[in-house]
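K.L.:
Residue numbers (the working numbering): 20 to 389.
(1) Drop a sphere of 10 angstroms on the beta-carbon of residue 287, count the other beta-carbons inside from all chains shown, and report buried for 16 or more, exposed for fewer.
(2) Measuring straight from C-alpha to C-alpha, what distance separates residue 223 and residue 181?
(3) Does the Cβ-Cβ distance between residue 270 and residue 298 come in under 8 angstroms?
(4) Here's a check: name, in chain order, each residue in its chain whose Cβ is nearer than 7 angstroms to the Cβ of residue 218, leaving out the five neighbours to either side.
(5) Report the CB separation of residue 268 from residue 225 in whole angstroms; it is logged as a contact under 8 angstroms.
(6) At the level of alpha carbons, what is the spacing between residue 191 and residue 304?
(7) Quick one: residues in its chain with C-beta nearer than 7 angstroms to the C-beta of residue 289, no 5 flanking neighbours on either side, listed in chain order?
(8) With a threshold of 7 angstroms (Cβ to nearest heavy atom), would residue 297 be considered close to the ligand PLP?
(9) Note down the Cα distance separating residue 285 from residue 88, rounded to an integer number of angstroms.
(10) Once DSSP output is grouped into helix, strand and coil, what is the label at residue 99?
(11) For residue 244, is the classification buried or exposed, using 16 other Cβ atoms within 10 angstroms of its Cβ as the cut-off for buried?
(12) Are the region 95-102 and the region 55-64 in contact at 8 angstroms, needing three or more beta carbon pairs?
(13) Using the C-alpha atoms, what's the distance from residue 187 back to residue 150?
(14) Let's test the definition: count the other Cβ atoms within 10 Å of the Cβ of residue 258 and tell me whether it reaches 16, buried, or not, exposed.
(15) Taking Cβ positions, are residue 233 and residue 183 nearer each other than 8 angstroms?
(16) Within 10 angstroms of its Cβ, does residue 97 collect 16 or more other Cβ (buried), or is it exposed?
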């Protein structure tokens with residue numbers, strides 16, 4: 020008889036290399052099974068938001084529409100991976116004797132009893148999941164990075180963008196390494212390497228979220244003018260930036276913690292990763308679709324019907340930027356002018372109905388991004 024795989028009762032090494040046969044199914048894959056269904060629900064929510072976006076913002080720049088199309092393709096592919104993984108788990112653990120030939124049944128239930136890794140030896144969907152997740156993360160973070168690049172302070176805007184690009188490149192490299200290790204075979208040694216790479220991936224993704232969210236908060240905070248109406252709007256935008264970036268950061272950190280603490284005996288960390296990658300695309304669509312609503316909300320408090328604050332928080336020199344949402348172009352609220360603009364000039368512009376000031380170098384790009 021062939022030697023049992025590492026981690027099976029016939030070859031139990033250190034405690035970290037052994038499994039509990041009783042908890043190997045429910046404890047190891049139960050969280051993955053539930054998270055897969057939550058992931059499919061979040062996919063449906065994303066598709067609904069994408070449909071709403073294309074109906075409401077048909078005049079957006081092509082590259083913005085391209086980001087949404089890429090996100091839609093990637094999310095659909097990841098949904099197929101999640102469904103395939105769930106299908107394999109269900110067949111192996113709920114109806115194994117109906118789908119496994121006798122020879123395979125001997126291998127799974129006798130030679131590798133208590134070793135759940137044996138069930139995932141040839142599951143390709145779990146091996147390429149990390150690469151697709153990294154692509155989704157990069158697609159979303161690229162949008163936020165470009166937003167900071169276009170409207171951030173001229174002096175410092177390149178620092179967070181370069182840092183985020185390096186982190187995105189690192190995340191992609193780690194995800195490819197995870198895929199390579201996964202296809203090389205799931206034994207104890209390879210799996211420990213896999214856990215280390217997953218821990219590094221979650222750490223890098225969390226750092227990217229923190230850098231981009233922190234930079235946007237700084238950009239918005241530097242936009243304060245001292246006017247109550249303006250500052251209230253900025254506070255609302257800051258809270259929105261924190262909430263969208265905080266969700267993905269929390270799930271990435273949670274995945275890292277679960278990977279380190281649970282390791283091979285419980286795959287709850289994979290379930291949190293499934294949910295985290297869904298949150299990236301959903302946060303992107305929420306940011307794009309909320310622009311008109313927030314603009315109308317801000318317009319209720321404007322002195323002029325032509326004054327609308329930037330609902331997206333993407334422009335600092337808002338008094339100089341025109342935004343185009345859907346088919347209705349509008350001018351940003353003059354109260355949200357550059358913080359270096361004299362107060363008298365701001366008041367004069369506000370009294371004249373928030374007429375835009377002189378054009379700046381970022382005008383064309385800022386028009387496209389929002």
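C-beta atoms are modelled at their ideal positions from N, C-alpha and C, and glycine is treated no differently.
P.N.:
Looking at the coordinates:
(1) In the chain shown, counting from the first residue as 1, residue 287 sits at position 268. Buried, because 16 or more other Cβ atoms sit within 10 Å of the Cβ of residue 287.
(2) Your numbering for residue 223 matches position 204 in the chain shown. Your numbering for residue 181 matches position 162 in the chain shown. In a straight line, the C-alpha of residue 223 is about 14 angstroms away from that of residue 181.
(3) The residue labelled residue 270 in the question sits at position 251 within the chain shown. The residue labelled residue 298 in the question sits at position 279 within the chain shown. Cβ distance < 8 angstroms, so residue 270 and residue 298 count as in contact.
(4) The sequence position of residue 218 within the chain shown is 199, counting from 1. Once the five neighbours on either side are set aside, the close Cβ partners of residue 218 are 275, 278 and 279.
(5) Position 249 of the chain shown, counted from the start, is the residue given in the question as residue 268. Position 206 of the chain shown, counted from the start, is the residue given in the question as residue 225. Contact check for residue 268 and residue 225: beta-carbon distance about 5 angstroms, within the 8 angstroms limit, so the pair qualifies.
(6) For this step, residue 191 is matched to residue 172 along the chain shown. For this step, residue 304 is matched to residue 285 along the chain shown. Roughly 22 angstroms between the two C-alpha positions.
(7) Here residue 289 corresponds to residue number 270 of the chain shown, with the count starting at 1. Beyond the five residues adjoining it in sequence on each side, residue 289 comes within less than 7 angstroms, by CB distance, of 51 in the same chain, given in chain order.
(8) This structure lacks the ligand PLP, and indeed carries no ligand of any kind.
(9) The count along the chain shown starts at 1 and reaches residue 285 at position 266. The count along the chain shown starts at 1 and reaches residue 88 at position 69. Their backbone Cα atoms lie some 35 angstroms apart in a straight line.
(10) Sequence index remark: in the chain shown, residue 99 carries index 80 (1-based). Helix.
(11) Working through the chain shown from its first residue, we reach residue 244 at position 225. Burial call: buried.
(12) Cβ pair count under 8 angstroms is three or more, so yes.
(13) On the chain shown, position 131 is the one that residue 150 refers to. On the chain shown, position 168 is the one that residue 187 refers to. Near 12 angstroms, if we compare the C-alpha coordinates of residue 187 and residue 150.
(14) As a first step, residue 258 is located in the chain shown; it is residue number 239 there, counting from the start. With fewer than 16 Cβ atoms within 10 Å of its Cβ, residue 258 is classed as exposed.
(15) Along the chain shown, one-based indexing puts residue 233 at 214. Along the chain shown, one-based indexing puts residue 183 at 164. Result no, Cβ atoms of residue 233 and residue 183 do not sit closer than 8 angstroms.
(16) As a working mapping, residue 97 is identified with position 78 in the chain shown. Label assigned to residue 97: buried.
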